[in-house]
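K.L.:
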Amino acid sequence: MVDRIEIFEEIEPVDDSSGFLVRLFSNKMARFGGIVILVVFLCAIFAPIIAPYEYDAMNLPEMLKAPSAENIFGTDEFGRDIFSRIVYGSRISLKVGFLAVGISMLIGTTLGALAGFYGGIIDLIISGITDIAWSFPVTLLAIAFVAALGPSLTNLIIALAIVSWSGFARLVRGQFLSLREKEFVEAARSLGMSDSRIILKHILPNAFAPIIVLTSLEVPKAIIIEASLSFLGLGAQPPAPSWGSIMSSGRAYIMEAPWVSFFPGIMIALIVLGFNLFGDALRDTLDPRLKD
Amino acid sequence: MKKHTTKKWTFVLLVLFTISSILTGCATSDTVDEPSGESQTPVEKEKVLVIGYERDAEILDHIKTGWYSDALVYIYERLVSRDYDFNYVPGLAESWDTSEDGMIWTFHLKEGVEFHNGTPFTADDVKWTLDTILDPETASPAQSDFAAIKEVEVVDDMTVNIVLNTPFPNLLFVLSNTAASIASEDAYEQYGDEYGIKYVIGTGAYMFEEWIQGDKIVLVKNPDYTWGPEWMSNTGPSVIDKIVLKTIPEENSRLMELLSGNVHILRDVPATFIDKVGDNPDVEIFRDESTKLGYLAYATDKEPFTDVRVRQAINHAINKEEIITYVFRDVGIVADGYLPPALTSEFYADSKKDGYEYNVEKAKELLKEAGFEGGLKLKLAAENSTEYSRLAEVLQNQLKDVGIEVDIQLYDSSSYTAMLKTGEQELFLRLYSWPNADILDWFLLSSQMPYPNHSRWNDPTTDELIKAAASAPTWETRAEGYHEVQKHLISEAVWAPIYVPERLIAVRKEVQNFKLHPWIPFYNDGMDLIVE
Amino acid sequence: MLKYIIKKIILMIPVLIGLTIIIFLILHLAPGDPVDLIVGPNATPEVYENIRRDLGLDKPLLTQYMVFVGKLLKGDLGDSILQRRPVMDMIIQRFPITLEVGVWALILSFVIAIPTGILAAVNRNSTLDYAAMTFALVGVSMPTFFLGLLLLYFFAFRLGWFPVSGYGTWRHLILPVIAIGVTDAAVTARMVRSSMLEVIGQDYVRTARAKGLDENKVINKHALKNALIPIITLLGMRMGWIMGGSVILEIVFNRPGIGRLMVDAIFSRDYPVVQGSMLLLTASILLGNLIADILYAVADPRIKY
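Residue numbers (numbering that gives the first Met the number 0), protein chains in the order written: chain A, 0 to 291; chain B, 0 to 531; chain C, 0 to 304.
#1: Quick check on DSSP: helix, strand or coil for Asn532 of chain B?
#2: Using DSSP with H/G/I as helix, E/B as strand and the rest coil, what is Gly293 of chain B?
#3: Could you check the C-alpha separation between Leu172 of chain C and Val49 of chain B for me, to the nearest Å?
#4: Write down the C-beta distance between Glu113 of chain B and Thr234 of chain B rounded to the nearest angstrom, noting that I regard them as a contact closer than 8 Å.
#5: Run through chain C and tell me which residues come within less than 7 Å of Thr343 of chain B, C-beta to C-beta.
#6: Using three-state DSSP, classify Asp29 of chain B as helix, strand or coil.
#7: Which residue comes first and which comes last in the beta strand (DSSP E) that contains Gln408 of chain B?
#8: Alpha carbon to alpha carbon, what distance is there between Gly77 of chain C and Val68 of chain C?
#9: Residues of chain B with CB under 9 Å from Met89 of chain C, in chain order?
#10: When the cut-off is 7 Å and only beta carbons count, does Ile265 of chain C lie next to chain A?
#11: Got a sec? Which residues, its chain only, sit under 6 Å from Lys508 of chain B by beta carbon, not counting five neighbours each side?
#12: Quick check: the Cα distance between Lys200 of chain A and Asp194 of chain A, rounded to an integer number of angstroms?
#13: Establish whether the CB of Ser388 of chain B and some CB of chain A are separated by less than 7 Å.
#14: From this set, B:Asp124, B:Thr64, B:Leu377, which residue's C-alpha is nearest Ala298 of chain B's C-alpha?
#15: With a 10 Å radius around its C-beta and 16 neighbouring C-beta atoms as the bar for buried, classify Arg288 of chain A as buried or exposed.
#16: Is Lys7 of chain C closer than 7 Å to Leu280 of chain C when the C-beta atoms are compared?
#17: Just mark Gln485 of chain B as buried or exposed, buried being the case when its beta carbon has 16 or more other beta carbons within 10 Å.
#18: Checking contacts by CB at 7 Å: is Tyr325 of chain B closer than that to chain A?
#19: Tell me the residue span of the alpha helix (DSSP H) that contains Ile128 of chain A.
#20: Note down, in chain order, every chain B residue with its Cβ under 7 Å from the Cβ of Asn122 of chain C.
#21: Let me see if you follow: with CB-CB separation under 7 Å, is Ile161 of chain A close to chain C or not?
#22: Note down, one range per segment and in chain order, each alpha helix (DSSP H) of at least 4 residues found wholly within the stretch 388-476 of chain B.
#23: Mapping the DSSP letters down to three states, classify Val493 of chain B as helix, strand or coil.
#24: Take Asp185 of chain B as the anchor and find which of B:Glu382, B:Phe120, B:Val151 has the nearest alpha-carbon.
#25: Measuring only the C-alpha atoms, how far is Leu15 of chain C from Glu69 of chain A?
#26: According to DSSP, is Phe77 of chain A helix, strand or coil?
#27: Confirm the yes/no value for this check: CB of Ile128 of chain A, any heavy atom of the ligand MG, distance under 6 Å.
#28: Have a look at Ser151 of chain A and Asn457 of chain B and give me their C-alpha separation to the nearest angstrom.
#29: Considering only the beta carbon of each residue, do Pro459 of chain B and Glu45 of chain C sit closer than 7 Å?
#30: How would you call Gly287 of chain C, buried or exposed, if buried means at least 16 neighbouring beta carbons within 10 angstroms?
#31: Just tell me which of B:Ala92, B:Leu257, B:Gln424, B:Phe513 has its CA closest to the CA of Trp226 of chain B.
#32: Taking any Cβ of chain A, which residues in the stretch 263-292 of chain B have a Cβ under 9 Å from it, in chain order?
#33: Across which residues does DSSP place Glu360 of chain B in a beta bridge pair?
#34: Using a Cβ-Cβ distance under 7 Å, would Ile74 of chain B count as near chain E?
#35: Output needed in chain order: residues of the stretch 226-259 of chain A with a Cβ under 8 Å from some Cβ in chain B.
#36: Closer than 8 Å is the cut-off here; do at least three beta carbon pairs connect the stretch 500-516 of chain B with the stretch 270-290 of chain B?
As structure tokens, then:
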């Protein structure tokens, strides 16, 4: 379910951070994406205040009720308020998205930095492993990992991190390969700085921009995979209100209560759209070639 | 240069086109027609019955699998059959008699019966089938069902003796199960690894035609069939030309196929569909009290479940009526005892009186007496299906009211059984489906620990009571023995019985003469049904 | 040319080995026991051990893996634990069902995406561009299984225009092909557009324009060809996406394809079937990449082999 297209080969590090935010948010798409992300974040933080009901408060006589004034998104098969569940569910989507991508970013950046900085045999081994990992179909592998580890949110995050670090490794390796030849690295070396200091203090900061862009584009993919796996029953366990698992349980009642599946589906599409818009704008702003 | 690239482009497109046409070509050539007669109009219209299933067969060989597809019911026959009124009646055996001590059963076989490959059915086939199942080398999942059998003796071509290790009044039940279908040694050897997949040979009214795995199993009628059991209205060749067993995993889709007429019969219609199906004039719903029992169990050798008061408190905490109404939409009944009421003689009539009513206060009090006034935190394991996970969530909610906080863990069926073996379980949901009281032996004898006695119930009194019941000389004394067993189990609150599901069977109007069979719902389809 | 292809094929081997190791390990280290499913709850320990031995599950892990690979090299993927038949047979039977959706979805996707992407690029910042890219963004963000569920609900459940399960006729194909094809077209269109934009901005196109060549001619003769070259690579890459999506769509649309086979096998821990279907799905994705690489080499005069 995830496309992995190389888009960063020619991104140059940017220095003018002052004009950056202004340029980023002059883009209408970025503003819209930013607002969606912000709203979802607020939902996650203030869920207990925003949600009218507890996410696990059952009311069996009220089950599968259509959207109404009391339950604006209707109720599910236990009479729980779907709106409240979706509000709380944003916590799961964001948690999985950011934790999984964060871990895979750490793994990928470390490996990519080592490979790009040292070259030689280290590069050969790491690049080999990265290329192998890169060729795997992400969704399929994540399914296999979660099925093996047992379905839970933690395992899902681990699986996602394991299968999606290779993009970061390739990106960072490429950045390091070109940056290590630069004069400031030579200068640092001649001053007798340790390798780790050069990597962390001098090269890595110059590779930040593309890493951030890649992160912003990987998070929505992680959110979609979380939803897909929860839809298959391999994600969050009840009564956790993961959007994917709400959709999945609603599928059994789709004839009499389609709203149970539809609202979380719309929410997944919306937040992924928000991240994509934002990430796109971020990339466009950072990529001078596509600037007008 | 320009020409060169144009040529290359033509080549690229050509390759793409070829690849896609090969790929799609091979895809479509392998595919099949729709199952219903709708799209095909042969000169003489075939009478085809299509039954929808959630799950496909694993292998069409009852000796090797524990998952019995209904196809096996139609293809094979058994020594003993069961009529509509719960009686054991002749199947492939015309009659049988027992030695006085009940240790030797003699079966007289039906004459003139032939397997689908033309070889005659004889006593050797009976001996070979039972011996093969009993042989540990075969590793048949059904082996333990036949454990009471010591040996099978061929007396002559048409007579066979079954010699027992212990008296076993349940033998007729075992011999009438799908697992005891009689197979042919010749066919088994002839087809080797392809037996059960590409070839299946039995003596039944239907012959195996093809199995497209994941999609459907097609059976055709056996034109030479003349030996149907007497209790069926037709004992000769079937009036239906074909039976198609179609796999449609998703329940809404299964229902839609029924409503649109592509499928004629659905067994196990989800209760949520009862209104939708009931309103449709083309479909009739049959409700069948099933021999299943759903219960909440717990590891009784583990704190806090070692305390009978905790076990009783859990029983009191469950609002079964609410579960029946909202989870099962009134399809099914509350269970208080350890056997379903459909087992009329073995069912313990005072289950409700002796059992535990829904009473939050009493539950809290019992917990307080047991020293858990501050509440409990427990894990609840269940299988990962719509029904179980719903039930688990409702129970989670109900137990919260008495101060028991529950963390649900869902497992797929294989890791679930593995987990139960390890003894990690605290609370766990189970549903058994078995038309015989001996299910209590499987689940509750101390010798069955840790598995299948996954509630880890180790109690000498229970062992004694069950052993006495199981080896009782007659059906009546056996039933009484099992009443005692259940009475004891209720007082000890070994499980928390919750519900007996009802089976909903939907049948389209094109199908006539449908009659519920008490044990195997489609036992009779082969012979009695008519499809318009 | 041949050398180039051989080199590409050799490069696939470590990937396949890595994959077999991973797939092999994760399912064997997991806590479930396939024997349980076969023998049922009533089996004696003796029966249990026999089945375990028959399936080779009592041997050390490394031995099991070597046996697996050894058989694999002979084209033998082992037998299914539950169905007791060759995994190869099962896969061969199911794969076309998955492939036909994949291939048609790929075709649909490119038929939509290439003209859309080009028109959007050529008319950059026009209403057309915005409309196309808005569609593309929504499409990219739409989870395939959600679109599939919507299509199934409205066009099959509610309107009854299409069958709700099964395979074999064009009517069975339409909905899943649309669900994958449309979401995939969104991704592809965006890439066609940026690839095209890049080419338009390059020197030779500007030169052609400066020479006063007709705009249409510039686009067709110069820009289009060069822009389409990277799109071929895309073709291979999309195969992976489409195969992944089809796994979940087969659950939604009740299609008995390889994805359904794999998911069922994962739940029942039928190791050989999971290994076989994973391997096949991945191999077909790698094959897609390989074909694309070769076509790319053929189409791009700059690449030498």
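The beta carbon of each residue, even a glycine, is placed where N, CA and C say it ideally should be. Model, not experiment: these values are computed from the prediction.
P.N.:
A quick look at the data gives this:
#1: Because chain B in this structure spans residues 0 to 531, residue 532 of chain B falls outside the shown range and cannot be described.
#2: In the second sequence, counting from the first residue as 1, residue 293 of chain B sits at position 294. If DSSP states are grouped into helix, strand and coil, Gly293 of chain B belongs with the strands.
#3: The residue you call residue 172 of chain C lines up with position 173 of the third sequence. The residue you call residue 49 of chain B lines up with position 50 of the second sequence. One C-alpha to the other measures close to 22 Å.
#4: Here residue 113 of chain B refers to the residue found at position 114 of the second sequence. Here residue 234 of chain B refers to the residue found at position 235 of the second sequence. The pair is not a contact, with the Cβ atoms about 15 Å apart (cut-off 8 Å).
#5: Counted from its first residue, the second sequence places residue 343 of chain B at position 344. Correct list: empty, because the minimum Cβ distance to chain C is about 24 Å.
#6: What you label residue 29 of chain B is simply residue 30 of the second sequence in a count that begins at 1. Per-residue confidence for Asp29 of chain B stands at a pLDDT of 39, beneath the threshold of 50, marking its modelled position as unreliable; no derived number is given.
#7: Residue numbering aside, residue 408 of chain B sits at position 409 when the second sequence is read from its first letter. Taken as a continuous stretch (DSSP letters only), the beta strand (DSSP E) holding Gln408 of chain B covers 403-410.
#8: Here residue 68 of chain C refers to the residue found at position 69 when the third sequence is read from its first residue. Here residue 77 of chain C refers to the residue found at position 78 when the third sequence is read from its first residue. About 10 Å.
#9: Along the third sequence, read from residue 1 onward, the residue named residue 89 of chain C stands at position 90. Those are Gln212, Gly213, listed as they occur along chain B.
#10: Position 266 of the third sequence, counted from the start, is the residue given in the question as residue 265 of chain C. True, the Cβ-Cβ gap to chain A drops below 7 Å.
#11: The count along the second sequence starts at 1 and reaches residue 508 of chain B at position 509. So the list reads Asp281, once near-sequence residues are dropped.
#12: Position 201 of the first sequence, counted from the first residue, corresponds to residue 200 of chain A. Position 195 of the first sequence, counted from the first residue, corresponds to residue 194 of chain A. Cα-Cα distance, rounded: 10 Å.
#13: Taking the first residue of the second sequence as 1, we reach residue 388 of chain B at position 389. By this cut-off, Ser388 of chain B is an interface position.
#14: Position 299 of the second sequence, counted from the start, is the residue given in the question as residue 298 of chain B. Residue B:Leu377 is the option with its Cα nearest to Ala298 of chain B.
#15: Reading the first sequence from its first residue, position 289 is the one you call residue 288 of chain A. In this prediction, Arg288 of chain A has a pLDDT of 46, which is less than 50 and means its spatial position is unreliable; what the coordinates show is noted afterwards. Label assigned to Arg288 of chain A: exposed.
#16: For the purposes of this step, residue 280 of chain C is identified with residue 281 of the third sequence, where counting begins at 1. For the purposes of this step, residue 7 of chain C is identified with residue 8 of the third sequence, where counting begins at 1. Contact: no.
#17: Position 486 of the second sequence, counting from 1, holds the residue named residue 485 of chain B. So Gln485 of chain B counts as buried.
#18: Residue 325 of chain B sits at position 326 when you count from the first residue of the second sequence. At least one chain A Cβ lies under 7 Å of Tyr325 of chain B.
#19: For the purposes of this step, residue 128 of chain A is taken as the residue at position 129 of the first sequence. Per DSSP, Ile128 of chain A belongs to the alpha helix (DSSP H) from 119-134.
#20: For the purposes of this step, residue 122 of chain C is taken as residue 123 along the third sequence, with counting starting at 1. The contacting residues do not exist; Asn122 of chain C stays about 24 Å from chain B at best.
#21: Position 162 of the first sequence, counted from the start, is the residue given in the question as residue 161 of chain A. Output row for Ile161 of chain A: interface = no.
#22: 412-421, 438-443, 459-469
#23: Translated into the one-based positions of the second sequence, residue 493 of chain B becomes position 494. Coil at Val493 of chain B, not helix or strand.
#24: Numbered from 1 along the second sequence, position 186 holds the residue referred to as residue 185 of chain B. The shortest Cα separation from Asp185 of chain B among B:Glu382, B:Phe120, B:Val151 belongs to B:Phe120.
#25: Position 16 of the third sequence, counting from 1, holds the residue named residue 15 of chain C. Position 70 of the first sequence, counting from 1, holds the residue named residue 69 of chain A. Near 55 Å, if we compare the C-alpha coordinates of Glu69 of chain A and Leu15 of chain C.
#26: Here residue 77 of chain A refers to the residue found at position 78 of the first sequence. The answer is coil: DSSP assigns Phe77 of chain A none of H, G, I, E or B.
#27: As far as ligands go, the structure on display features none, and thus does not contain the ligand MG.
#28: Along the first sequence, read from residue 1 onward, the residue named residue 151 of chain A stands at position 152. Along the second sequence, read from residue 1 onward, the residue named residue 457 of chain B stands at position 458. Whole-angstrom Cα-Cα distance: 33 Å.
#29: For the purposes of this step, residue 459 of chain B is identified with residue 460 of the second sequence, where counting begins at 1. For the purposes of this step, residue 45 of chain C is identified with residue 46 of the third sequence, where counting begins at 1. Against a cut-off of 7 Å, the Cβ pair of Glu45 of chain C and Pro459 of chain B comes out as no contact.
#30: In the third sequence, counting from the first residue as 1, residue 287 of chain C sits at position 288. Gly287 of chain C is buried by the Cβ-count criterion.
#31: If you number the second sequence from 1, residue 226 of chain B lands on position 227. For the residues B:Ala92, B:Leu257, B:Gln424, B:Phe513, the minimum Cα distance to Trp226 of chain B belongs to B:Ala92.
#32: Pro269, Thr271, Phe272, Asp274, Lys275
#33: For this step, residue 360 of chain B is matched to residue 361 along the second sequence. None, per the DSSP bridge assignment.
#34: No chain E appears in this structure, whose protein chains are A, B and C.
#35: Gly232, Gln236, Pro237, Pro238, Ser248, Arg250, Ala251, Tyr252, Ile253, Met254, Glu255
#36: yes
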